[in-house]
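Only one structure is covered here, and it is reproduced in the block below.
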Amino acid sequence: MLAKFAILITAVAASSVLAAPALERRQTGYITLCSEKMMLDGCQDLGIQTGQCRELPDGIRDNLSSFDTYGYRCEFYTDASCSGRRDDWTGNHDNLRETEWNDEKSSIKCFFDA
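Numbering (mature numbering (1 follows the signal peptide of the UniProt record, and there is no 0)), first residue to last: -19 to -1, 1 to 95.
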């Protein structure tokens, strides 16, 4: 009896795993952008939709010094409408002041590549 019960439980568990939907890519989300290094001040969350160009918000546009993309791969552009020079970034970056990109970003397009 116990063996039959164990087989039944195993079969139910296996069918549950097989029926589970595949994880889908995140189509919408947000990133955090800051006008000060180390994400200490002047931070704003920017809602994103994958593959859609967004202008950086006032106070951040051409004033970005740190950010976190939370796993998204983001293309930052020097000009509006995702034009101009482009650079790709993923993850947390605490101090753009040490790069040529400090205060140079105007628009963004993000993707979730996982």
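No residue lacks a Cβ here, since even glycine has one placed at the ideal position from N, Cα and C.
In this structure, how does DSSP classify residue i when only helix, strand and coil are distinguished?
i     : result
LYS90 : strand
ARG54 : strand
ARG42 : coil
Any C-beta of chain C sitting closer than 8 Å to the C-beta of residue i?
i     : result
ASP22 : Checking the listed chains, one finds no chain C in this structure; it contains a single protein chain.
From the DSSP output, read off the bridge partner residues of residue i.
i     : result
ILE12 : LEU27
THR36 : With the sequence shown as reference, residue 36 is identified as Glu, and Thr is not the correct amino acid for it. Paired residue(s): SER88.
SER62 : Per DSSP, none; premise fails for SER62.
In chain order, what residues of the same chain have a beta carbon less than 7 Å from the beta carbon of residue i, not counting five sequence neighbours either side?
i     : result
TRP70 : THR50, CYS55, PHE57
ASN83 : SER46, LEU77
Leaving aside the five residues before and after residue i along the sequence, list all residues of the same chain whose C-beta is less than 8 Å from its C-beta, in chain order.
i     : result
SER87 : GLU36, LEU37, ARG42, ASP43, TYR58, THR59, ASP60, ALA61, GLY65
By Cβ distance below 6 Å, which residues in the same chain neighbour residue i in space, the five residues on each side in sequence not counted?
i     : result
GLY28 : TYR11
GLU17 : GLY23, SER46
MET20 : SER47
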